[in-house]
Structure formats: C-alpha cells, structure tokens
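Reading through the structure tokens given below for one structure.
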C-alpha cells in the first residue's frame, strides 16, 4: 500500500529515485542518507519494500516520517524486477534513477546527473561508479558525446574496450522515453538489467556518457549473491540471450548489438564453467541457442561454438 505523496508539495519533480528494498538492513540507512543528503531539491524517493523480513520496513517508515518526499510501496516478495516496475509506475519525475538499496549515491551525484541529462536533452545518460580501493566500473578519462543508442554502443566499445554498461544504476532515464516505448523489467529474472538496457538503447535517440562516478557499488556483496544463485544466474542469462536474439532478428539491429550479445553470452558461459557447470549441460543449452547464433557474418557456426565451449570472447 502506498504512503501518499502530494503532487502540490512537489509540482515540478525533476528526478524520481526508485529503490527496491529486500532484507538490506545493514546497508539501508547508508543508502537513504546518501540520497537525502544530496544538494538537489527537486526529487522524490520511491522505496518498494519487496517483502523484507529483517526490519528494513521499520527503517523505511522512520525515514518516511522525516522526509515528505519519500513514498513506500509494500508488496509480497516478487523480486527486483517487479519492485522496479512498481516504482516506475509510481514515478512522477522528469527522469528516473534506479538505485540498489545496498549501494549509495556519492555526494552531489543527483544534481550532476540531472544537469548533464537535462542540459543535453538526453533520453539516457550514462555515468561511472566507484567500486572501492581507488577503482571504477569504467576506465576513467573519457566521455562520449550525444548519439543514438546504436552509435553510443559502438563508440563505447571503441573507447573503453568493452560494450555499454548494462546495470541500470549506471543510467538516468527520461521517464517519458521509458513510457513511450513501454520499457519495463522482465519479472522473475536475474540480470534483468542486460535485457532492459539492450532494448532501451535500441529505442534511444539521444544518449551520452559522462565519466564522473555517481554511485558506490558494493562489489563484494553482489559477487556473494551471484555465487549463491549460480544455477539460476546461468539459466536466466541464457534466457535473456534467447529473448535478445529474437529481438535482434525482429528489429534488424545494427551489428554492434549482435557483437554485444555474443560477448555477453561468452561471459555467461565462462562464468558457468567457473561455477562448476558440466560441459554436457552447457552443450545441451547451447545446441538450441546456436540456431540463433548464426546471425553474425563475423562468427561462423563452428568457430562460434568452439569459442563458446572455451568461454572466450
């Protein structure tokens, strides 16, 4: 049930911060403090309590009483995708930012993100993240100018040596853009960000990258979660690949998107092998997907299969 926020209090909301919350009690206060201490006035926070059982709901209520621009939506545990969709449906801001509740915003991030996105009239604005020990999610030292999503993906690869960042917490999205193209998250999936941002970049006309870090990303906690969910992680990643291959075929996308798909899948197979998956099970899943893999003039069938078995990009 929603904790109502009056439109009259915030008549021209610039940013909606959507935060799915599930059993993150040790991290939640730091996350919320990082948002409410921003030097930026026109924002709302939508916390979606996804059936927490560790007292996170109590912390949310304490913050709601102190901050009138915080709304809480409580739901039975349905996963991060459903929680994000619920928050997005609630959002009123010109732009939407999805923040994980075990991460936190860096000082001044909201103002910088909005200034950059609104100043360039962007539909998607991409940023860097601090991952600790003086390292960052992307290599520092480069920005990317405004371009379409396809050109952005190619330029990102040319400059950074990897494909566009898929986590949604690296992006600020124009809400009307998401609504116009009916962009939501697939319920019940791990790594739903990959599928979401792939489709978003296809539709995007104006995207750019600014290399300042906006978020602190807790790598150790996320790696621990992925290790516990390794089987589901592999299967959901393959299903994402299947769906995106069909999307690629249907929309006749730029080759750069196919190259991104291939690298994404190779990474998935490599991770599966590291987690102890047998080659028999990997092959069983590959045999069906390889029918979709014969899409690229750069990857003949035999060569493609050989690389997948080795888990190399």
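Numbering (this note's numbering), first residue to last: 318 to 630.
We put the CB at the ideal spot given by N, CA and C, even for glycine.
Have a look at the DSSP bridge pairing and note the partners of residue i.
i: residue 440; result: None, per the DSSP bridge assignment.
i: residue 564; result: Bridge partners of residue 564: none, in fact.
i: residue 449; result: 452
i: residue 534; result: For residue 534, which the question treats as bridged, DSSP gives no partner whatsoever.
Count the other CB atoms, across all protein chains shown, that sit within 10 Å of the CB of residue i; report buried if there are 16 or more and exposed otherwise.
i: residue 516; result: buried
i: residue 393; result: exposed
i: residue 462; result: exposed
i: residue 354; result: exposed
i: residue 383; result: exposed
i: residue 521; result: buried
i: residue 436; result: exposed
i: residue 388; result: buried
Between which residues of its own chain and residue i is the CB-CB distance below 6 Å, once the five residues before and five after are set aside?
i: residue 339; result: 367 and 369
i: residue 502; result: 398, 401, 402, 509 and 513
i: residue 483; result: 510, 511 and 514
i: residue 433; result: 442 and 527
i: residue 407; result: 363
Are the Cβ atoms of residue i and residue j separated by less than 8 Å?
i: residue 508; j: residue 553; result: yes
i: residue 398; j: residue 345; result: no
i: residue 530; j: residue 423; result: yes
i: residue 405; j: residue 373; result: no
i: residue 532; j: residue 460; result: no
i: residue 631; j: residue 439; result: Nothing about residue 631 can be reported from this structure: the residues present for the chain run from 318 to 630 only.
i: residue 528; j: residue 572; result: no
i: residue 464; j: residue 472; result: yes
i: residue 500; j: residue 469; result: no
i: residue 506; j: residue 445; result: no
Might you give, ordered along the chain, the residues of its own chain that have their beta carbon closer than 8 Å to the beta carbon of residue i, omitting 5 neighbours on each side?
i: residue 332; result: 357, 359, 360, 361, 410, 411, 412, 413, 414, 427, 430, 431 and 489
i: residue 416; result: 334, 335, 336, 348, 352, 422, 486 and 532
i: residue 330; result: 359, 360, 361, 409, 410 and 411
i: residue 504; result: 395, 396, 398, 399 and 402
Where does residue i fall in DSSP's three states?
i: residue 258; result: Not covered by the structure: residue 258. The range shown for the chain is 318 to 630.
i: residue 557; result: helix
i: residue 359; result: coil
i: residue 493; result: helix
i: residue 340; result: coil
i: residue 380; result: helix
i: residue 397; result: helix
i: residue 660; result: Nothing about residue 660 can be read from this structure; the chain reaches only from 318 to 630.
i: residue 346; result: helix
i: residue 418; result: coil
Keeping to the same chain, check which residues put their C-beta closer than 7 Å to that of residue i; ignore five residues upstream and five downstream.
i: residue 285; result: With the chain running from 318 to 630 in the structure shown, residue 285 is simply not present.
i: residue 448; result: 454, 534 and 536
Beta carbon of residue i: closer than 7 Å to some heavy atom of the ligand GTP?
i: residue 523; result: Looking at this structure, you won't find the ligand GTP or any other ligand, since it has none at all.
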